[in-house]
Amino acid sequence: MDTIATPTRRGMLALAAGGVAITLLPRPASAQLAAPTQAAIDRIRGGRTPQEGRVTLRVPPIAENGNTVPLTVSVESPMTTADHVKAIHVFADRNPTPDIATFHMTPAMGRASADTRIRLGQTQDVVALAEMSDGSLFIARAEVKVTIGGCGG
Amino acid sequence: MGKVAGLTLGGAALAAGLALAQGGAPEPQRAIPDPQSGRHFATPETLAIQDDDFQNPAMLWAEEGEAAWSRVEGTAGQSCASCHNDGTQTMRGVRARMPAYHARLNRVVTLEQQINICRTERMGAPALPVDSRPLNAITTYVALQSRGMPVNVDISGPARPFFDAGERFYNTRRGQLDMRCGSCHEDNYGRSLRADLLSQGMSNGFPTYRLKEQRVISLQFRLQGCVNDVRGEAPPMGGEEFTNLEFYLAWRAQGLPVESPSVRR
Amino acid sequence: MAAPIGQPRVRIPAQARAGEVIEVRTLISHIMETGQRRDQAGAVIPRDIIKRFEAKFDGQLVFAMDLAPAISANPYIAFPFKVEKAGTFEFTWTNDAGEQRKATNEIKLA
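Chains as they are written, first to last, in our numbering: chain X, 661 to 813; chain E, 17 to 281; chain R, 64 to 173.
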């Protein structure tokens, strides 16, 4: 029985290592983006320069299938009339088109956060760009490794 | 109505009688005596979707099935509920013991096939196409009522030849890759095949929401995929070969909790 | 012909304390056809997605989302909401063809 049990245990360890590591290794937001993503961001930012920080992008480091990748994005903000997040734009750097979603937010939410599930065509970075009520911009980036099942029907 | 239980019991008694008459074939031995569900080979993110009944997209199918349960269809003017009353009560444990030997038809029937038998023979309604959305929906609803109950199919007596046929299919090398099911799911589970982590190929989670397909799929749809993988010629869904194979797979998974509707990559 | 927008599911606590931030969770059945797939004959399957989601509380827009084809089939959308008073949520999903599905949910103060 040992010969059968061993690979399983190894598999489980690999899985645990891959899965528990929820802590993201955020990429410097300054690293080069694909041209369509950069263009989409440029359209939103106009002359403004996005800063790093305040935005937390939660995506799994490894996605078993790119069709359904859970995503949570949140921004540190008091969410008051005077100081709140107006929108969060989310992009997939290497999808056929970079747009994923725009979340429009209001102070009535109490917290600036949203969850959804996204499609990623391949291993790539996801980028979140938050627009604050004072016009400032914050950006964050995280990589998702997409394990496209080469087999299994 | 209340006639259903009596009839079902009748079938079971008949099956038991036949088993005695045949003296019983030797107990088959499982290659994996202590099976593990496919959930052990899924990432925490996938499990999080499965384990949250709100987020699990298969629940959309279960709800469609629930609505269909009491919808009158066919010439007899009846719904499932006309005979089976409250499905959350009467369907408890059904998924766990199916596929099962059907005495009158003298063959093994899957849950999907039993549902279509009720539609065509009792409701005067057309059979729902294999792996179609409405059939997967009602199957998901029925299967959900057995969630957590151990798989427990009866392979004894007259069911045994169908089990044996399923076992033969499982163990036959096929396709250009010349592999048997066990080449992947017994000899190599826990290892990666290209980018895919192989499980033991257990069937306790079906119907399942497949992330790749982005819909609920039936077990036999998955089996077609597995046969195609070894570049083999897959038999038709709903046919005798896959039905017997599904019966054998249920026995492989004997004791595992029904996990339907699971979520798999 | 646009694909059907299925029955939506919404989960919010039926009661909340004033000042409490609750989670609003929604799921709706939809294929989210990207417009980039081809059918067996090789023809492009036209794009057909839920493109907009809106949540209003007593008529006031609280949260909205513009969806691209990169949102998974059967869209799951969740967001927080700070309860100040009792009232009614109205949720609207709109597809490319402009067809809508609505759902309403009441919140009472605990």
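Note that CB positions come from ideal geometry on N, CA and C, so glycine has one too.
DSSP state of residue i, grouped into three classes?
i	result
T716(X)	strand
L127(E)	helix
R184(E)	helix
T240(E)	The question names Thr, but residue 240(E) is Gln in the sequence shown. Q240(E) falls in the helix class under three-state DSSP.
M218(E)	coil
A47(E)	coil
A116(E)	strand
A160(R)	coil
H100(E)	helix
E256(E)	helix
M139(E)	helix
T766(X)	coil
P71(R)	coil
A681(X)	Its pLDDT being 32, under 50, A681(X) is placed unreliably in this model, and the value from its coordinates should be taken loosely. Correct three-state label for A681(X): coil.
R231(E)	strand
D68(E)	coil
P177(E)	helix
M195(E)	strand
I94(R)	coil
R285(E)	In the structure as shown, chain E starts at 17 and stops at 281, and residue 285(E) therefore has no counterpart that could be examined.
E89(E)	strand
V167(E)	coil
P273(E)	strand
D702(X)	helix
Could you name the residues of chain R that residue i contacts, counting a contact when the two beta carbons are closer than 8 Å?
i	result
S773(X)	F142, P143
I760(X)	A131, A133, I134
A752(X)	A133
R777(X)	I134, S135, P138, Y139
Can you pull the DSSP bridge partners for residue i?
i	result
Y264(E)	BP columns for Y264(E) are empty, so no partner.
E169(R)	T151(R)
F142(R)	V87(R)
D785(X)	E803(X)
K119(R)	L124(R), E153(R)
A772(X)	V735(X)
L213(E)	S208(E)
M792(X)	V745(X)
F57(E)	For F57(E), which the question treats as bridged, DSSP gives no partner whatsoever.
Q711(X)	F798(X)
A113(R)	Reading the sequence as shown, one finds Ile at residue 113(R) and not Ala. Its beta-bridge partners are N158(R).
S278(E)	T224(E)
R101(R)	V107(R)
What distance in whole Å lies between the Cβ atoms of residue j and residue i, which are believed to be in contact at a cut-off of 8 Å?
i	j	result
T609(X)	A761(X)	With chain X covering 661 to 813 only, the question about residue 609(X) has no answer from this structure.
M218(E)	R268(E)	7 Å
S276(E)	F222(E)	6 Å
V107(R)	M769(X)	Actually they are not in contact, since the Cβ atoms of V107(R) and M769(X) sit about 38 Å apart, beyond 8 Å.
P756(X)	G726(X)	Actually they are not in contact, since the Cβ atoms of P756(X) and G726(X) sit about 12 Å apart, beyond 8 Å.
G90(E)	M139(E)	4 Å
V125(E)	H118(E)	5 Å
M739(X)	R771(X)	6 Å
L160(E)	A78(E)	5 Å
V733(X)	A691(X)	V733(X) to A691(X), Cβ: 19 Å. No contact.
V806(X)	T783(X)	5 Å
Taking residue i as the query, report the chain E residues whose CB atoms sit under 9 Å from its CB, ordered along the chain.
i	result
R72(R)	F70, M75, L76, E79
R110(R)	In chain order: nothing, as chain E lies at least about 15 Å away.
Using a C-beta to C-beta distance shorter than 7 Å, which residues of chain R count as neighbours of residue i?
i	result
P720(X)	Per Cβ cutoff of 7 Å: no residues; P720(X) is ~13 Å from chain R at best.
P756(X)	Q99
T697(X)	Within chain R, no residue comes near T697(X); the closest Cβ sits about 12 Å away, beyond 7 Å.
T728(X)	S135
Name the chain R residues whose beta carbon is nearer than 9 Å to that of residue i?
i	result
Q282(E)	One cannot answer for residue 282(E) here, as it falls past the ends of chain E, which runs 17 to 281.
Along chain E, in chain order, which residues have C-beta atoms closer than 8 Å to that of residue i?
i	result
R80(R)	Within chain E, no residue comes near R80(R); the closest Cβ sits about 22 Å away, beyond 8 Å.
Determine the chain X residues that contact residue i at a beta-carbon separation under 9 Å, and present them in chain order.
i	result
L124(R)	H764, T766, A768
In chain E, which residues lie with their C-beta within 7 Å of the C-beta of residue i?
i	result
G69(R)	L76
R88(R)	F70
Taking C-beta pairs closer than 7 Å, name the residues in chain X that residue i reaches, listed in chain order.
i	result
A127(R)	H764
V107(R)	By Cβ distance, chain X contributes nothing, its closest Cβ being about 13 Å from V107(R), past 7 Å.
F120(R)	A768
Against residue i, what residues of chain X qualify as contacts under a CB-to-CB distance less than 8 Å, listed in chain order?
i	result
L261(E)	In chain order: nothing, as chain X lies at least about 14 Å away.
L227(E)	E724, N725, N727, T728
T224(E)	The premise fails here: T224(E) is roughly 12 Å from chain X at the closest Cβ pair, so nothing lies under 8 Å.
Quiz prompt | Three or more C-beta pairs below 8 Å linking the segment 84–102 of chain E and the segment 174–194 of chain E | solution = no
Exercise. Could you tell me whether the segment 240–256 of chain E touches the segment 73–82 of chain R, where touching means 3 or more Cβ pairs closer than 8 Å?
Key: no
Exercise. Determine, using beta-carbon pairs with one atom in the segment 105–119 of chain R and one in the segment 87–95 of chain R, whether at least three such pairs fall under 8 Å.
Key: yes
Exercise. Spell out a yes or no on whether the segment 138–156 of chain E and the segment 207–214 of chain E are touching, meaning 3 or more CB-CB pairs, one atom from each, closer than 8 Å.
Key: no
Quiz item: Are there three or more Cβ pairs, one per stretch, closer than 8 Å when the segment 125–135 of chain E is compared with the segment 46–66 of chain E?
Solution: no
Practice problem: Decide yes or no for the touch test of the segment 158–167 of chain R against the segment 116–124 of chain R: beta carbon pairs closer than 8 Å, at least 3 of them. | Solution: Segments in contact, no.
Quiz item: Is it true that the segment 141–154 of chain R meets the segment 265–279 of chain E, where meeting means three or more beta-carbon pairs spaced less than 8 Å apart?
Solution: no
Quiz item: Touching or not, the segment 133–144 of chain R and the segment 253–265 of chain E, by the rule of three or more beta carbon pairs under 8 Å?
Solution: no
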